Each structure stands twice: as structure tokens, then as C-alpha cells.
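For reference, the structure discussed in these notes is given below.
In our numbering, the protein residues as written are 1 to 478.
Printed below as a string of C-alpha cells:
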């Protein structure tokens, strides 16, 4: 059920894990104010099958919580494939979406439908430690998750089901899906089908990826990964308003054969009128005007393959995993104003390595610090923004393959989710013997890592620990 989504995600998330890891160093003043716990972590080091190590709770005040949905038949089950998290507009709730092989089978080897779902975990984050408040389930998902502008709704893409689920908050504060999911109705040709049921027979499946809501909450823009298009939904009418193919040749026949717009993955919306869509295959961000009739108005070429996007005022940030960089775009001119190397310029010894695989971002309230999750090096890079001369000033150790970082409303805490875990040996018959629930994809488990943002004086030891975890040690210069 989930194999197609998982297989695609690996093309941009997993392929770089075993490549050499490169990280940046902050070489000044980091020895001051170092924390003793940050320097001595030998009592909690975990060895990874990649040859790396992780020290997931090294940061003082950190806390790790497994994403256990509380299934009655499988009380010890922990969901895997956590792919995205987002904070509610008022900062009181953190929502986490999974997109893993979260299937469970009975002893006879039959799938248990009620225990074979994807999940949205909702944590109450009003206090320092997140408290699980609710778990929502849906048949399938991939990457799309967003709150409405007032926090009254949660929008979730249905992955290969080619639909969007809307969970509405009731008077009791709990979310529920009170109406059927909105069907996007794609056919194999990549256009809207008059019969939504026809999508089930299509050879070319559609997968909903990233999605974003306009500032006024009236429209939802969804990236259709395998259709090379976006869908715009009128939320008041709960229906598709428009389908827009992002490929140049489909928009203008004179551009036939010109690359562009393929494998759209993430969406960011500026105000109510402009959407930015990352095209993984064609190394570009497609600019779309959202009006009565949406249209492509620009294409921003990048040196790497963009995955997730982050919009902050007039700046758009894109993580490019294969180029180990964050690209910064001025949305007033749609020009790239900086390419920030996650490997950093302060550690030339390690610039020959690649594979940090940046895949998500969060920005401080004052816009001065950018936090980037590096899936390949199991870390968070802290970037001091000073465009066009931004620099990495430190690294923070995380759990195995972080996929998203979110900051608390007050900016004091970070929430990091992971997509992988240590699974142990995988019996070669486990895929056939479903009843054992020991297939390796089922053993990948996700968690929520929470920690207070470390003081600047603690970054030196934490950075060194990340290097050590990845088999790279470097003496900080005074």
C-alpha cells in the first residue's frame, strides 16, 4: 500500500546516507562556556548500520518521545517515516505527519486494516515538554501537512489516494474529519478525469506531496508529484478549482522537450497571489500566479535539486540535498541572492566530502538564524544569516536521519522528527512471513526530539560531537 510513496521518497532522502559526510565548523569563541554534558557523552552513544554514531540526547534539557499511536492490538507499535511537522498559528500545537510502511499483520499473516494507517500526531506544546493530545489516522499519506490560518483546520495530503483530508477542530478542541476527503481525480494522462474512480485504473498514479494554504484561507495549493502539476482547491466549495501542468511543453507547444516542472514536491504560498513549487527533477522552483486563472510566471534555476521550501517575508529558502546547500531567493525579483553551503567555508579540510543531505528548515523569529536538518549527518546546522555572506556557526546532534525541525512560538525550543531508526537484523523470510511484523520497513520507528536552543558558548563541543559521530574530528582553532 505504501511502497510507491516510500520508493519515491528514497530518491531524495536515503540515497546519500552512505556517502562521506561533510559538516561546517564555527572556529571562534566556541570553547567559552562549554557544557560538561556536551563534552562527555560516551555513556549514550548509539552505533548506526551506516558506520556513523548518534548521541540523540546530548543537548542539555533534551527529551525524546516515540510516536506511538496507541493501537489496542499492537500497543508497542511505533510509527515510522515521520516526514513533516508544523506548528499551529497560535503556537499551542505541533502536528507531525508520518509516511512510512506502517502496516501491521495478524499471526495468520493477514493485514489488520484498522492498525495499518498513516498518522498525524498532535502534541500540546504550551509547556516545555510536548504532551501528546490526539492521534489522527488516514489510509495513506506522503508529505503534505498544513494548518489553516486560524488553526481551526488541518490539511493532509492523501498520498497515492490522490485526495486531501481536512480535519476540523471541534468545540472540545479535538480534530475530526467530518466530511469525505476531497478527491483530486487524476487520470493517467496527468489531467483531471471526469470520473474520479478512473484514477484507480490509471497506469500513472498520482501522489499528493507538499501543500500550502493561502493567507486568507480560501485556497489550497497541492503538488502532484507524479503528474508534474499542481491542483488548486476552492476550500469554501470543497472542490478542485484548477489543475495546472508545470511542464513548459504542456503550457506552450513551442517549448516541447524543454525540461521544467517535473516531480513537484513542495509548495510555499506568498500572501494570496503567488505560489512557489519545487521541481526536484529539473532543479528549479516554478513561480505560479494564483488568480482567477493560475499561470506559470517564472522559473528559478538552482544548482541543486530543491526539496522543502521555507518562506520568510520576501525571502524564500530551499534545501537542496544533493548539492548540500540552501538556496536563498529574493521573491521581489525571483533571483537567487545566495547559495549557502551546509559544509561551510570555515572547514576547508572537509569540503571534499558530500552527503549532508539538508532536507528541512526553520527560522528564528528575528530572521537572523536559520536551522537546517541534515539527514545524512544526523544533525542540525545553525546558519547565521547575513545575505550574501551567511555562514554556518554550529552543529547540533540529532536522532537518526532528521527530516524536519520546527521552532516553538517563543523560539526557545526546537522540535526535531526523524525518519529512520536502528532496526537490527532482518530475517530474509520476514517479508513473506507477514505475521511476524519483522519486515525491515516495519521496524523503522520515528520519534520527537525536543531540546532548548543551546547558548552560543555550547556550540563548540556540540559541533565537535557531530564530527565525531560522523567519523570526522577537527581541532577548533583558538
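Even glycine gets a Cβ: it sits at the ideal position worked out from N, Cα and C. Owing to the predicted nature of the structure, the values given are computational and were not obtained by experimental measurement.
#1: Only counting runs of 4 or more residues, tell me where the alpha helix (DSSP H) segments fall wholly within the region 247-298, in order along the chain.
#2: Quick test of your reading: residue 321 and residue 264, contact by CB under 8 Å. State the CB separation rounded to the nearest angstrom.
#3: For the region 450-464 and the region 60-75, state whether three or more C-beta atom pairs, one from each stretch, are separated by less than 8 Å.
#4: Where residue 220 and residue 441 are concerned, what is the direct C-alpha to C-alpha distance, given to the nearest angstrom?
#5: Could you compute how far the alpha carbon of residue 207 sits from the alpha carbon of residue 83?
#6: Return the chain-ordered list of same chain residues with a C-beta closer than 8 Å to the C-beta of residue 468, the five sequence neighbours on each side being excluded.
#7: Using only CA atoms, which one of 248, 307, 174, 230 lies nearest to residue 241?
#8: Starting from residue 469 and walking both ways along the beta strand (DSSP E), at which residues does that stretch end?
#9: Output the distance between the C-alpha atoms of residue 136 and residue 439, rounded to the nearest integer angstrom.
#10: May I ask which residues mark the beginning and end of the beta strand (DSSP E) holding residue 389?
#11: Going by beta-carbon coordinates alone, are residue 448 and residue 123 separated by less than 9 Å?
#12: According to DSSP, which residues form a beta bridge with residue 208?
#13: How big is the Cα-Cα spacing for residue 471 and residue 47?
#14: Would you tell me roughly how many angstroms separate the C-alpha atoms of residue 209 and residue 157, rounded to the nearest one?
#15: What separation, rounded to the nearest whole angstrom, lies between the Cα atoms of residue 244 and residue 165?
#16: Determine contact between the region 403-410 and the region 73-88, defined as no fewer than three beta-carbon pairs at a distance below 8 Å.
#17: Can you check DSSP and say which residues form a bridge with residue 330?
#18: What does the alpha-carbon distance come out to for the pair residue 76 and residue 443?
#19: Which ranges does the alpha helix (DSSP H) cover as unbroken runs of at least 4 residues, wholly within the region 388-418, from first to last along the chain?
#20: Pick helix, strand or coil for residue 163, following the three-state DSSP scheme.
#21: Using the three-state DSSP reduction, which class does residue 358 fall into: helix, strand or coil?
#22: Would you say residue 78 and residue 445 are within 9 Å of each other, going by their C-beta atoms?
#23: Would you please state the rounded distance, in angstroms, between the beta carbons of residue 271 and residue 215? I believe it to be under 8 Å.
#24: Since I believe residue 104 is in contact with residue 95 (beta carbons under 8 Å), could you give me their beta-carbon distance rounded to a whole number of angstroms?
#25: Please confirm if the region 252-261 is in contact with the region 312-320, defined as three or more CB-CB distances below 8 Å between the two stretches.
#26: Since I believe residue 180 is in contact with residue 86 (beta carbons under 8 Å), could you give me their beta-carbon distance rounded to a whole number of angstroms?
#27: Assign residue 284 to one of two classes, buried (16 or more other C-beta atoms within 10 Å of its C-beta) or exposed (fewer than that).
#28: Alpha carbons only, please: which of 413, 399, 414 is nearest the one belonging to residue 422?
#29: Inspect the beta-carbon positions of residue 248 and residue 328 and report whether they are closer than 9 Å.
#30: In the DSSP assignment, what are the bridge partners of residue 219?
#31: My output table needs one value for residue 452: the three-state DSSP class, helix, strand or coil.
#32: For residue 61, name the three-state secondary structure that DSSP assigns.
#33: Enumerate in chain order the residues of its own chain whose CB-to-CB distance from residue 331 is below 8 Å, with the five nearest sequence positions on each side excluded.
#34: Can you round the beta-carbon distance between residue 324 and residue 356 to whole angstroms, since I take them to be within the 8 Å contact cut?
#35: Going by DSSP, which residues form a beta bridge with residue 341?
With the structure as the only source:
#1: 248-251
#2: The residue you call residue 321 lines up with position 321 of the chain shown. The residue you call residue 264 lines up with position 264 of the chain shown. 16 Å between Cβ atoms; not a contact.
#3: yes
#4: In the chain shown, counting from the first residue as 1, residue 220 sits at position 220. In the chain shown, counting from the first residue as 1, residue 441 sits at position 441. The alpha-carbon atoms of residue 220 and residue 441 are separated by roughly 32 Å.
#5: Taking the first residue of the chain shown as 1, we reach residue 207 at position 207. Taking the first residue of the chain shown as 1, we reach residue 83 at position 83. Straight-line Cα distance between these residues: approximately 15 Å.
#6: The residue labelled residue 468 in the question sits at position 468 within the chain shown. Hits under 8 Å: 53.
#7: Position 241 of the chain shown, counted from the start, is the residue given in the question as residue 241. For the residues 248, 307, 174, 230, the minimum Cα distance to residue 241 belongs to 230.
#8: Start at 1 with the first residue of the chain shown, and residue 469 comes out as number 469. Taken as a continuous stretch (DSSP letters only), residue 469 belongs to no beta strand (DSSP E), being part of the alpha helix (DSSP H) at 459-469.
#9: Working through the chain shown from its first residue, we reach residue 136 at position 136. Working through the chain shown from its first residue, we reach residue 439 at position 439. Computed Cα separation, rounded: 24 Å.
#10: Counting from one through the chain shown, the residue named residue 389 turns up at place 389. Here residue 389 belongs to no beta strand (DSSP E), and DSSP marks it neither H nor E.
#11: As a working mapping, residue 448 is identified with position 448 in the chain shown. As a working mapping, residue 123 is identified with position 123 in the chain shown. Taking 9 Å as the Cβ cut-off, residue 448 and residue 123 qualify as a contacting pair.
#12: Counting from 1 along the chain shown, the entry for residue 208 is found at position 208. Per DSSP, 224.
#13: Position 471 of the chain shown holds residue 471. Position 47 of the chain shown holds residue 47. Across the structure, residue 471 and residue 47 are spaced so that their CA atoms are roughly 12 Å apart.
#14: Mapped onto the chain shown, residue 209 falls at position 209. Mapped onto the chain shown, residue 157 falls at position 157. In a straight line, the C-alpha of residue 209 is about 7 Å away from that of residue 157.
#15: As a position in the chain shown, residue 244 is number 244, starting the count at 1. As a position in the chain shown, residue 165 is number 165, starting the count at 1. Taking the straight line from one Cα to the other gives about 21 Å.
#16: yes
#17: Within the chain shown, residue 330 is the residue found at index 330, counting from 1. Residue 330 is bridged to 315, 335.
#18: For this step, residue 76 is matched to residue 76 along the chain shown. For this step, residue 443 is matched to residue 443 along the chain shown. Each residue's alpha carbon lies about 12 Å from the other.
#19: Scanning the region 388-418 from its first residue to its last, no whole alpha helix (DSSP H) run of 4-plus residues comes out.
#20: Within the chain shown, numbered from 1, the residue matching residue 163 stands at position 163. Three-state result, residue 163: strand.
#21: Numbered from 1 along the chain shown, position 358 holds the residue referred to as residue 358. Note: residue 358 maps to strand in three-state DSSP.
#22: Within the chain shown, numbered from 1, the residue matching residue 78 stands at position 78. Within the chain shown, numbered from 1, the residue matching residue 445 stands at position 445. In contact: residue 78 and residue 445 (Cβ atoms closer than 9 Å).
#23: The count along the chain shown starts at 1 and reaches residue 271 at position 271. The count along the chain shown starts at 1 and reaches residue 215 at position 215. 5 Å between Cβ atoms; contact.
#24: Position 95 of the chain shown, counting from 1, holds the residue named residue 95. Position 104 of the chain shown, counting from 1, holds the residue named residue 104. Incorrect: roughly 23 Å between the Cβ atoms, too far for contact.
#25: Short answer: they don't touch.
#26: Here the question's residue 86 lines up with position 86 in the chain shown. Here the question's residue 180 lines up with position 180 in the chain shown. In fact, because the Cβ distance is near 23 Å, the residues do not count as touching under 8 Å.
#27: For this step, residue 284 is matched to residue 284 along the chain shown. Residue 284 comes out buried.
#28: The count along the chain shown starts at 1 and reaches residue 422 at position 422. Of the listed residues, the one whose Cα sits closest to residue 422 is 399.
#29: For the purposes of this step, residue 248 is taken as the residue at position 248 of the chain shown. For the purposes of this step, residue 328 is taken as the residue at position 328 of the chain shown. No, they are not a contact pair.
#30: Position 219 of the chain shown, counted from the start, is the residue given in the question as residue 219. In the DSSP output, where bridge partners are listed per residue, residue 219 has 234.
#31: Your numbering for residue 452 matches position 452 in the chain shown. In the structure shown, residue 452 sits in a strand (DSSP, three-state: E or B).
#32: Here residue 61 is taken as the residue at index 61 of the chain shown, counted from 1. Residue state, collapsed to three classes: coil.
#33: In the chain shown, counting from the first residue as 1, residue 331 sits at position 331. Same-chain partners within the cutoff: 270, 274, 276, 311, 314, 315, 316.
#34: As a working note, residue 324 is residue 324 in the chain shown. As a working note, residue 356 is residue 356 in the chain shown. Confirmed, about 5 Å.
#35: Here the question's residue 341 lines up with position 341 in the chain shown. DSSP lists 325 as partners of residue 341.
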